[in-house]
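These notes are about the structure you will find just below.
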Amino acid sequence: MKILIVVGARPNFMKAAPIINAVREFNSIRGEWSKKISVTLVHTGQHYDAQMSDAFFADLELPKPDVFLGAGSGSHAEQTAEIIKRFEPVFQETDPDVLVVVGDVNSTLACALVAAKITPRRPVIVHVEAGLRSNDRSMPEEINRILTDQISDLLFVTESSAIRNLQKEGIPPHKIVFAGNTMIDSLRSSEQRAETSDVLQRFGLESKSYALLTLHRAANVDERGAFVEILEGLGELRTLVPIIFPVHPRTQKQIRALGLEAYFSPGESSERRGIRMIPPQGYLDFLCLMKNARLVVTDSGGIQEETTALGVPCVTLRDNTERPVTVQVGTNILGGIKCSGIQQAIRLQLTPARKSKIPDLWDGRAAARIVGTLAELFLRNDAPRQTVESGQIQQNAR
Ligand code: UD1
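Numbering follows my numbering, with no gaps: position 235 of the sequence shown is 251.
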């Protein structure tokens, strides 16, 4: 079985790495004589800065991509089109049995779309982290999620809300597999190594005495009014504890363009202390920063899940989440995007922690289930596409 796995942007790397490792494990368990799985790794180049990409390959021990498309940045249309154009010939040459796309970035949809229109040998299209819905179609990621799911053949989900969402959109139940969360596989397998990180010493931080902030969503940082509202919402917090802010390149540009530098100046007392910007961090250093934070404030999708897995309180700077399990059983609360709501949520999260638990199947074995399902589908069957179509796959990979 030939699998082509696509990565493109920062949050893809930790979702794909465990799948590559699980294939390695699968191949090593099977004898020399048996059928094996081969992987081609394609990096679209949606993210390309060393700190946004290379650092993650090193920390996650990802193999060097077999193909780097170098698609780069641009408007949504430009970026998506560039990936499609560059991916098609690579896809045709590789001619895989299975395409695996992860998450909800532009690379996810662009590459799924290429594969969906390939004739005559269309591959099985697998979407890992399918079915998440914010129900907010102004988010580009929501468009990517809905469309990718519609053209995928096998949809691996991370939480039960995703099963309901997919069924509402007419996806037949036999294409949906509750496998768990590969991002949490990466977290569990990296936790020990993250403990050896010197990131706290480097930035002079003490465990549980700082807040960690990330902010990059276009809706939050592209427009001055929205950005200022959030920064004002953090005003009280920054007088209580230092706020450490690894800055995404998009946000860095916006801070300059919108003239918001004053919020980030060191200040001569805790009352006047600014938010402390640091460069984007690699995977292990960031994991260490999350684990030791008293509170995480973010507009990221993945960080809502990682903080739940780590048991660290999280305030999400959005009105909605496509990951409701992090609010229902995890450590996440929605702070919204208005100053008073954010302050209220932060106050609540600074009081003694409420009880939380780890969501079902977030146990570090999601990728093994995914590869197990794919192997079963292919190695016992010569016609995997028909197998998916006729519903002969396992309904739950438990
Ligand atoms: C993308 C994803 C988003 C994900 C985020 C994680 C989409 C629609 N969005 O958003 O879901 O949460 O990645 O980071 O796919 N830039 C650099 N260097 C880089 C990459 C980006 O300087 O290596 C700058 C460029 O100015 C670029 C901007 O950041 O235009 C935005 O990058 P882009 O990939 O378009 O979107 P993200 O905001 O990173």
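Virtual Cβ for every residue (Gly too), placed ideally from N, Cα, C.
List the endpoints of the continuous beta strand (DSSP E) containing Val39.
-> Run containing Val39: none in the beta strand (DSSP E); it sits in the alpha helix (DSSP H), 26-45.
For Ser54, name the three-state secondary structure that DSSP assigns.
-> strand
For my contact list, Asp113 and Pro139 are in at a C-beta cut-off of 8 Å; report their separation, rounded to the angstrom.
-> 6 Å
Straight-line CA distance for Asn412 to Thr124?
-> Since pLDDT at Asn412 reaches only 41, below the 50 mark, its modelled position is unreliable, and no value is offered.
Say the cut is 6 Å; is the CB of Gln62 nearer than that to a heavy atom of the ligand UD1?
-> yes
Neighbourhood of Arg240 by C-beta, 7 Å cutoff - its chain only, sequence neighbours within 5 removed | Leu274
Under 6 Å from any heavy atom of the ligand FAD, does the C-beta of Glu157 make it?
-> Of the ligands one can find in the structure shown, namely the ligand UD1, none is the ligand FAD.
With a 10 Å radius around its C-beta and 16 neighbouring C-beta atoms as the bar for buried, classify Pro375 as buried or exposed.
-> buried
State yes or no: is the C-beta of Val121 nearer than 6 Å to some heavy atom of the ligand UD1?
-> yes
If we count the other Cβ atoms within 10 Å of its Cβ and call it buried at 16 or more, is His59 buried or exposed?
-> buried
Mind checking Asn37: buried by the 16 CB within 10 Å criterion, or exposed?
-> buried
Is it the case that the CB of Ser89 approaches a heavy atom of the ligand UD1 more closely than 6 Å?
-> yes
When Ser44, Arg204, Val263, Arg272 are compared against Ala325, the one with the closest alpha-carbon | Arg204
For my contact list, Leu170 and Val404 are in at a C-beta cut-off of 8 Å; report their separation, rounded to the angstrom.
-> 6 Å
Taking the C-alpha atoms as reference points, what is the distance between Ile259 and Asp301?
-> 16 Å
Specify the secondary structure class of Ile19 as computed by DSSP and reduced to three states.
-> strand
Of the residues Ile21, Leu20, Arg26, Lys18, the one placed nearest Gly317, counting alpha carbons only = Arg26
Kindly examine the ligand UD1 and report whether one of its heavy atoms sits closer than 6 Å to the Cβ of Ala383.
-> no
Reduced DSSP secondary structure (H/G/I, E/B, other) of Ala227 = strand
Is the beta carbon of Asp65 within less than 6 Å of some heavy atom of the ligand UD1?
-> yes
Close beta carbons around Ile100, own chain, < 7 Å, minus the five adjacent residues each side | Ala126, Leu129, Val130
When every heavy atom of the ligand UD1 is checked, does at least one fall within less than 6 Å of the C-beta of Ala25?
-> yes
Spatially closest choice to Arg120 from Gln108, Pro105, Thr96, by CA coordinates | Note on identity: in this sequence residue 120 is Asp, with Arg being the wrong assignment. When only C-alpha atoms are compared, the closest one is Thr96.
State buried or exposed for Gly346, treating a residue as buried only when at least 16 other CB atoms are found within 10 Å of its CB.
-> buried
Which residues bound the alpha helix (DSSP H) around Ile141?
-> It is not in any alpha helix (DSSP H) - Ile141 instead sits in the beta strand (DSSP E) that spans 140-144.
Three-state class that DSSP yields for Ile349 in the structure shown | strand
For Asp315, does the count of other Cβ atoms within 10 angstroms reach 16, so buried, or fall short, so exposed?
-> buried
Taking contact to mean at least 3 C-beta pairs separated by less than 8 Å, is the segment 72-88 in contact with the segment 235-254?
-> no
Which of the three DSSP states, helix, strand or coil, is assigned to Phe219?
-> coil
Who are Val15's beta bridge partners in DSSP?
-> Residue 15 is absent from the structure shown; the chain starts at 17 and stops at 414.
Glu158 and Ser150 look like a contact to me (Cβ under 8 Å); what is the Cβ gap, rounded to whole Å?
-> 5 Å
Which one of Gln208, Lys224, Glu222, Phe261 has the shortest CA to CA distance from His232?
-> Phe261
Spatial distance of Pro368 from Val22 (CA atoms) | 41 Å
State the start and end residues of the unbroken beta strand (DSSP E) segment that holds Pro265.
-> Note, Pro265: premise wrong, no beta strand (DSSP E); alpha helix (DSSP H) at 265-273.
Cβ pair Arg289, Gly298 closer than 7 Å = no
Going by the C-beta, is His232 closer than 6 Å to any heavy atom of the ligand UD1?
-> yes
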